[in-house]
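Student: Here the protein sequences come in this chain order: H, U, V and A.
Using our numbering, you'd call the opening residue of the first sequence number 5 and step up by one each time.
Using our numbering, you'd call the opening residue of the second sequence number 818 and step up by one each time.
Using our numbering, you'd call the opening residue of the third sequence number 15 and step up by one each time.
Using our numbering, you'd call the opening residue of the fourth sequence number 79 and step up by one each time.
Here a beta-carbon is modelled for each residue, glycine too, at the ideal position from N, C-alpha and C.
Below you will find the structure I want to go over with you.
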Amino acid sequence: MSIVNSQADKIKEISGSNPLKCMKCGKCSASCPSFNEMDIKPHQFVSYVQNEDIQSLVESKSLWKCLSCFACIERCPRNVQPGKLIDAARQIVVRQKGQDYLKADEIPELIDPETPQQLLVSAFRRYRR
Amino acid sequence: MQRIGVFVCHCGSNIAATVDVKKVAEWALKEPGVVHAEDYPYMCSEAGQSKIQAAIKEKNLTGVVVCSCSPRMHETTFREAAERAGINPYMVEIANIREHCSWIHKDMEEATKKAVILMRAAVAKVNLNTPLKPGESRVTKRALVIGGGIAGIQTALDIAEAGYKVDIVEKTPSIGGRMSQLDKTFPTLDCSACILTPKMVEVNKHENVNIYTYSEVEKVSGFVGDFTVDIRKKARSVDMDKCTGCGVCQEKCPSKKTPSEFNRALNTRTAIYTPFAQAIPNVPVIDREACIKFKTGKCGICEKVCQAGAIKYDQEDEIITEKYGAIVVATGFDMIKLDNYDEYAYSQSKDVITSLELERIMNAAGPTKGHLERLSDGKAPKEMVFIQCVGSRCSDDRGKSYCSKICCMYTAKHAMLIRDKYPDVNVTVFYIDVRTPGKNFDEFYRRAVEDYGVNYIKGQVGKVIPQPDGKLLVRGVDLIDNKQILKEADMVVLAAAIEPNKDVRKIATMLTASIDTNNFLTEAHAKLRPVESPTAGIFLSGVCQGPKDIPETVSQAGAAAVKAIGLLAKDKLMTNPCTAKPDELMCNGCSQCANVCPYGAISYEVKEINDHGVRETRRVASVNSALCQGCGACTVTCPSGAMDLQGFSNRQILAEVDAICR
Amino acid sequence: MSIEANEEFKPKIVAFCCNWCSYAGADLAGSSRLGYPADVKIIRVPCSCRVNPMFILRAFEKGADGVILCGCHPGDCHYSTGNFYARRRMTMLFSMLDYIGVENGRTRVEWVSAAEGVKFSTTMNEFVEKIHSLGKNVRLGDLRCRN
Amino acid sequence: MKYSYYPGCTLKNKAKDLDAYARASARALGFELEEIENWQCCGGVYPLGSDEIASKLSSVRALNEAKEKGQDLVTLCSACHHVIKRVNDDMKNVEDIRTKANNYMQLDEPYAGETKVLHFLEVLRDEIGFDKLKEKVVNPLTGKKIGAYYGCLLLRPGKILEFDNPENPKILEDFIRAIGAEPVIYPYRNECCGGYISLKEKDMAKNMCNNIVDSADGFGAEMLITACPLCMYNLKKSTDEKLPVKYFTELLAEALGVKEEVDKA
């Protein structure tokens, strides 16, 4: 209980977002370009944090599908901004040792001669500690 | 020395559950001046009041402290009770141990301690109270109604029917307001104009009603019963008495490009215009910004074609000054601007419209003569999407925090009307919640779903995407199916939030009526005085006080009228005796108090003063207690401390401070 | 029951509230059950402009740890302009108080409308917390009464 | 007029042309971009976590250097613009981040968001003015139908970046008009291209980019312009170059008649 609890609090703290403000309108999910790729949908992130089911969140593949495009953040009418919650969950994962979503030895496979530095830098920031 | 009685109310368990009322009464007896203390379950009840009255008589009380709810609730009750028992009503003070104590604290000991301190402060104050006598002021038997929509019309009619004179001031060229723009009304689907027009005619011909259209309130002074109001009657450029309303001027006017306010800018009007066919008065105005004659000096066609010779280019604004006993605010609402909601493509596509625009499109007198068609290409739509809560229920800074209340119902109405008249049109409504409290309201919404096959989807829309072929791709979510939805639509209708008319803040300031952060006027009490402003003599009618539909507006309009009539029926009003009073011995006649007085209540007189045996002629301040409203600005400004406020004197407030900090 | 002070610091806080906006806002906080510490005691005045700097000095002289003045929002004063006077007077007074050792955090002016029960409660909670962080106030003495 | 200039990693490498055209155009328009000395990579993405400090420091260094020179800081790449502007907002408005960052940086004088951050486009719009720009055009791109592609990072969150209306922007359209071409407005211009997702989830990026390009194509665009090397890469890579994609600075240089000198160099 206390561990789960502290993780939910951690997510609230890192994200600076208050899930209690959510009115469950779904505008985040209606705006999300990655919606179909996600197993836990943006609007559900709020209830997972509220229900303190952080385990499911951190195991969710949604973490790696969010583009950080800020569409949900821009349009959320209640300032809940699920994108921040998703990022906080992602932080919880990548801050643990050995949990990087992108391993250095995968990279040669993934790039081509035109790949801009920006792509690698951004992916590193999002996927690794 | 006062003989004070302290009466501690349990308020059922509202107070007694958190405050040990017996202890408060016990402690009261230790306070100086207190000769009697008791507690009772309901002090405000008949029995409770009798207890106070009995104690006043038996113990020869000179002052009373009631420890109970807020003085805003029952101060008058207890003052009247005391007066009936023979002491001056202003010898009663309330210690607010409910709203300011028992309701906000949980710990009994802590709350009891605080209640004792609040009781002590009130006792300390009463020790210094002096009997005060209210003055009298007259009541002007005439009411002013600001706003000529359905709220203003109904209020004016009700007041007029009771036999009092009423003036309506309406900003636009015609009365009728928002309701005149509606096509049909829920939940009966009767035609809006058919039920409104008779009311407009009735109010116009009523002998007790006088209507100033194209006019605005410019200045308000005075107070309850005796307001003085300046009304600016804007130059209509048309002689109201001569005009026959034939309409030839409008047919011939060559300036035809101004967006029509009445049709929500969906089409245009001429520079000389009446807003709509049933306008009252049926006299056009010249929009001087659009008129060629006013812009270039050339033209003058309307003057030439007017058989009645009613065109008056040189007409000027007129200021009318009138006295009123009561003022009713009925300034209504508008839809919010959708500049902050470009994700719905309102500014990018002509086929994304607001609900009020749809009303005009559905209306036979509207820009499309009542045919449902796309404004971009005039084609009949096959798929229509409605989006709810656009700008309502938002806690970001883009929209409004409140629910606009009317949208769920009018959307069900629109959906039903469209499905009824155009059965081949599919209608989809994206909603967050469907809110239908009200008589026959939920049944109405269910009819839309069950009988008319309107497709309600729980979920919001994220973006409306105009397509190259002119269609609109709506990207929304179905929260029940947990699916993102891409729906191609021909028209999208946005249920934009409503907001109080933008002039209301200016008007509230003139009236010194309170207004909340959303620009709705505040009522004196949310439940018990919902149609009165906290400012005496100001009443609230319609959406200016909060979102409402037509039946609610009409009920509130009637209620506001009753309150105004209740005031007008009085010949005299008691004035607040808590007014400023100078100590002539201390006053040096410096005029600083007169400079800060917002009411001009302070003047100076040269007077012979007996200053400790020395007779001198001095200039001293004098307060007109009929004008003084008792704010106390002068008392603090006075450099010699000569000015004091009766009922809230320096000594009284200092005694309260002392009691609290003891 | 006794009224003597506990060992833990229980600040004495005086709140002056205008009758039309802030007192009603405090009532709304009450009827909405929005709690704030019992250390706050409210004195009702007709308008924020009725508050004489003398009242505040007296509070500090009698051992208050904080004084807060609440009035209608600028432009919404029931008496049109009273809160502007209050604002100007308090700016002067508070800077003087700060100079003589009553820190700025112990004095505050806040606009609370009749509809802002939430704001009233949050303001009071914040203010009490601030006073707690500042601790007990130095007591002002009235030199007029000494020889 | 002299500005501090933050080019960013990609502009020194895969997107050299974005940078070179901008510098040449700046000279032609009479302002100078003075590259700050010790800039470090901004990180590419803004760290959203409220407890992230270290990853914001490189931006603070750049911002502080501009402050010391008393100049506004100009960025060109959308990502750098996004990161640096948001960090600047944090330094100005978030006390916790400001204190921690300053504690770490040990500057002579603490940095508190004093520097004004401008995207190159903002310089064109707010400092030069599109009217002025139009006058300087020697080689108008008359008849070209161009779709502006904004993506996410230039626009959102609108409240912090204050760049343009995030749902219906017009700065690039105004720019296109100023260089004599015709803007094509299409609704996907502020939709995401996939960003960093294209490294591991190539299909997702492909899907998104095709939506964008198809929409622009449907509304009649002959080419797309962008300010972001990653958008450029994704749009090209994932759509088999259905439409040509160019940096806006290339068209600017062309319109100002300085493109050839850059190409030769």
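(1) Could you tell me which residues DSSP puts in a beta bridge with W125/V?
(2) Which one or two residues does DSSP pair with T153/A in a beta bridge?
(3) Are A1418/U and N1441/U close, meaning C-beta to C-beta below 8 Å?
(4) Any idea what DSSP makes of S6/H, helix, strand or coil?
(5) Please report whether the beta-carbon of N1299/U lies at a distance below 8 Å from any beta-carbon of chain H.
(6) Secondary structure at E1425/U, three-state DSSP: helix, strand or coil?
(7) Identify whether H853/U lies in helix, strand or coil by the three-state DSSP scheme.
(8) Looking at C1119/U and C1060/U, is the spacing between their C-beta atoms short of 8 Å?
(9) Going by Cα to Cα distance, which pick from Q1165/U, D1151/U, E1106/U, I1089/U is closest to I1128/U?
(10) Taking the continuous beta strand (DSSP E) assigned at V1046/U, which residues delimit it?
(11) Which word fits R995/U, buried or exposed, when buried means at least 16 other C-beta atoms lie within 10 angstroms of its C-beta?
(12) When the cut-off is 8 Å and only beta carbons count, does N40/H lie next to chain U?
(13) Can you tell me which of G80/V, G44/V, G39/V puts its alpha carbon nearest to the alpha carbon of E130/V?
(14) Candidates S1408/U, F1465/U, C1404/U, C1445/U: which alpha carbon is nearest G1427/U's?
(15) Mind checking which residues open and close the beta strand (DSSP E) that includes A1312/U?
(16) Could you pull out every residue in the same chain whose Cβ sits closer than 6 Å to the Cβ of V1278/U, ignoring the five residues on either side in sequence?
(17) My guess is that L1338/U and V1037/U are in contact by the Cβ rule of under 8 Å, so how many angstroms apart are they, rounded?
(18) In angstroms with no decimal places, state the Cα-to-Cα distance between W125/V and C86/V.
(19) Check whether chain U comes within 8 Å of W125/V, counting only Cβ atoms and requiring the distance to be less than that.
(20) How many Å lie between E1340/U and R1215/U at the Cα?
(21) Within 10 Å of its beta-carbon, does E875/U have 16 or more other beta-carbons around it, so buried, or fewer, so exposed?
(22) Apply the 10 Å Cβ neighbour rule to Y113/V and answer buried if 16 or more other Cβ atoms are within range, or exposed otherwise.
(23) Got a sec: is the Cβ-Cβ distance from P1347/U to anything in chain V below 8 Å?
(24) Does any residue of chain U have a CB that is nearer than 8 Å to the CB of G296/A?
(25) Pull up the distance between the alpha-carbon of P51/V and that of T929/U, whole angstroms please.
(26) Under a Cβ-count criterion, where at least 16 other Cβ atoms within 10 Å of its own Cβ denotes burial, should F198/A be classed as buried or exposed?
(27) Using C-beta distances below 8 Å, list every residue in its chain close to Y1367/U, excluding the 5 sequence neighbours before and after it, in chain order.
(28) Going by Cα to Cα distance, which pick from I224/A, M286/A, E279/A, D318/A is closest to I115/H?
(29) What are the start and end residues of the beta strand (DSSP E) that includes D1295/U?
(30) Using 10 angstroms around the beta-carbon of A871/U, count the other beta-carbons present and answer buried if the total reaches 16, otherwise exposed.
(31) Starting from Q866/U, trace the beta strand (DSSP E) both ways and give me its first and last residue.
(32) Since E245/A meets chain U, which of its residues come closer than 7 Å, beta carbon to beta carbon?
(33) Can you check which of these residues, H922/U, E926/U, S885/U, is closest to A912/U by C-alpha distance?
(34) Identify which residue in L313/A, Y81/A, Y274/A has its Cα closest to the Cα of L124/H.
(35) Quick one: is Q100/H buried, meaning 16 or more other Cβ sit within 10 Å of its Cβ, or exposed?
(36) Within the same chain, show all residues whose beta-carbon is closer than 8 Å to that of Y1161/U, passing over the 5 residues directly before and after it, in chain order.
Tutor: Once the coordinates are examined:
(1) For the purposes of this step, residue 125/V is taken as the residue at position 111 of the third sequence. Its beta-bridge partners are G85/V.
(2) Residue numbering aside, residue 153/A sits at position 75 when the fourth sequence is read from its first letter. Y84/A, H197/A, per the DSSP bridge assignment.
(3) Position 601 of the second sequence, counted from the first residue, corresponds to residue 1418/U. Position 624 of the second sequence, counted from the first residue, corresponds to residue 1441/U. In contact: A1418/U and N1441/U (Cβ atoms closer than 8 Å).
(4) As a position in the first sequence, residue 6/H is number 2, starting the count at 1. The predicted model places S6/H with a pLDDT of 42, which falls under 50 and marks its position as unreliable; any figure quoted below should be read in that light. In the structure shown, S6/H sits in a helix (DSSP, three-state: H, G or I).
(5) In the second sequence, the residue the question calls residue 1299/U occupies position 482. N1299/U counts as touching chain H.
(6) Start at 1 with the first residue of the second sequence, and residue 1425/U comes out as number 608. When secondary structure is reduced to three states using DSSP, E1425/U falls in the strand class.
(7) For the purposes of this step, residue 853/U is taken as residue 36 along the second sequence, with counting starting at 1. Reduced to three states, the DSSP call for H853/U is strand.
(8) Here residue 1060/U is taken as the residue at index 243 of the second sequence, counted from 1. Here residue 1119/U is taken as the residue at index 302 of the second sequence, counted from 1. Against a cut-off of 8 Å, the Cβ pair of C1119/U and C1060/U comes out as no contact.
(9) Taking the first residue of the second sequence as 1, we reach residue 1128/U at position 311. For the residues Q1165/U, D1151/U, E1106/U, I1089/U, the minimum Cα distance to I1128/U belongs to I1089/U.
(10) Along the second sequence, one-based indexing puts residue 1046/U at 229. According to the DSSP assignment, V1046/U belongs to the beta strand (DSSP E) that extends over 1043 to 1050.
(11) Numbered from 1 along the second sequence, position 178 holds the residue referred to as residue 995/U. Per the 10 Å Cβ criterion, buried.
(12) Taking the first sequence and counting its residues from 1, the one referred to as residue 40/H is at position 36. Taking Cβ atoms only, chain U reaches closer than 8 Å to N40/H, which makes this a yes.
(13) Numbered from 1 along the third sequence, position 116 holds the residue referred to as residue 130/V. Nearest option by C-alpha distance: G39/V.
(14) For this step, residue 1427/U is matched to residue 610 along the second sequence. The residue you asked about is not Gly; residue 1427/U is Asn in the sequence shown. Answer by Cα proximity: C1404/U.
(15) The sequence position of residue 1312/U within the second sequence is 495, counting from 1. 1308 to 1313 is the span of the beta strand (DSSP E), which, as asked, contains A1312/U.
(16) For the purposes of this step, residue 1278/U is taken as the residue at position 461 of the second sequence. The answer, listed in chain order, is I1204, F1247, V1291, G1293.
(17) Locating residue 1338/U in the second sequence gives position 521, counting from the first residue. Locating residue 1037/U in the second sequence gives position 220, counting from the first residue. Their Cβ separation, rounded to whole angstroms, is 14 Å, which puts L1338/U and V1037/U out of contact at 8 Å.
(18) For the purposes of this step, residue 125/V is identified with residue 111 of the third sequence, where counting begins at 1. For the purposes of this step, residue 86/V is identified with residue 72 of the third sequence, where counting begins at 1. If I take the Cα positions, the gap works out to 5 Å.
(19) Stepping through the third sequence from its first residue, residue 125/V is reached at position 111. Closer than 8 Å: no.
(20) Along the second sequence, read from residue 1 onward, the residue named residue 1340/U stands at position 523. Along the second sequence, read from residue 1 onward, the residue named residue 1215/U stands at position 398. Going from the Cα of E1340/U to the Cα of R1215/U covers about 26 Å.
(21) On the second sequence, position 58 is the one that residue 875/U refers to. Looking at its Cβ environment, which holds fewer than 16 other Cβ atoms inside 10 Å, E875/U is exposed.
(22) For this step, residue 113/V is matched to residue 99 along the third sequence. It is exposed - the Cβ of Y113/V has fewer than 16 other Cβ atoms within 10 Å.
(23) Position 530 of the second sequence holds residue 1347/U. With 8 Å as the cut-off, P1347/U does not count as an interface residue toward chain V.
(24) Against the fourth sequence, residue 296/A aligns to sequence position 218. Interface residue, yes.
(25) Within the third sequence, the letter at position 37 stands for residue 51/V. Within the second sequence, the letter at position 112 stands for residue 929/U. C-alpha separation (whole angstroms): 13 Å.
(26) Mapped onto the fourth sequence, residue 198/A falls at position 120. Classification for F198/A: buried.
(27) Within the second sequence, numbered from 1, the residue matching residue 1367/U stands at position 550. Note that residue 1367/U is Ile in the sequence shown, not Tyr. I967, M996, T1002.
(28) Counting from 1 along the first sequence, the entry for residue 115/H is found at position 111. Closest by alpha carbon: E279/A.
(29) Residue 1295/U sits at position 478 when you count from the first residue of the second sequence. D1295/U -> beta strand (DSSP E) spans 1289 to 1295.
(30) Taking the first residue of the second sequence as 1, we reach residue 871/U at position 54. A871/U should be labelled exposed.
(31) Looking up residue 866/U in the second sequence gives position 49. Premise fails: Q866/U lies in the alpha helix (DSSP H), 863 to 875, not in any beta strand (DSSP E).
(32) By 1-based counting over the fourth sequence, the position of residue 245/A is 167. Ordered by position in chain U, the residues that pass the 7 Å Cβ test against E245/A are D1159, E1160.
(33) Taking the first residue of the second sequence as position 1, residue 912/U is located at position 95. Of H922/U, E926/U, S885/U, the residue nearest in Cα terms is S885/U.
(34) Position 120 of the first sequence, counted from the first residue, corresponds to residue 124/H. Here the closest residue by C-alpha is Y274/A.
(35) Within the first sequence, numbered from 1, the residue matching residue 100/H stands at position 96. Q100/H is exposed by the Cβ-count criterion.
(36) Taking the second sequence and counting its residues from 1, one reaches residue 1161/U at position 344. Here the set comprises L1155, V1169, I1204, V1207, V1278, K1280, V1281, V1309, L1311.
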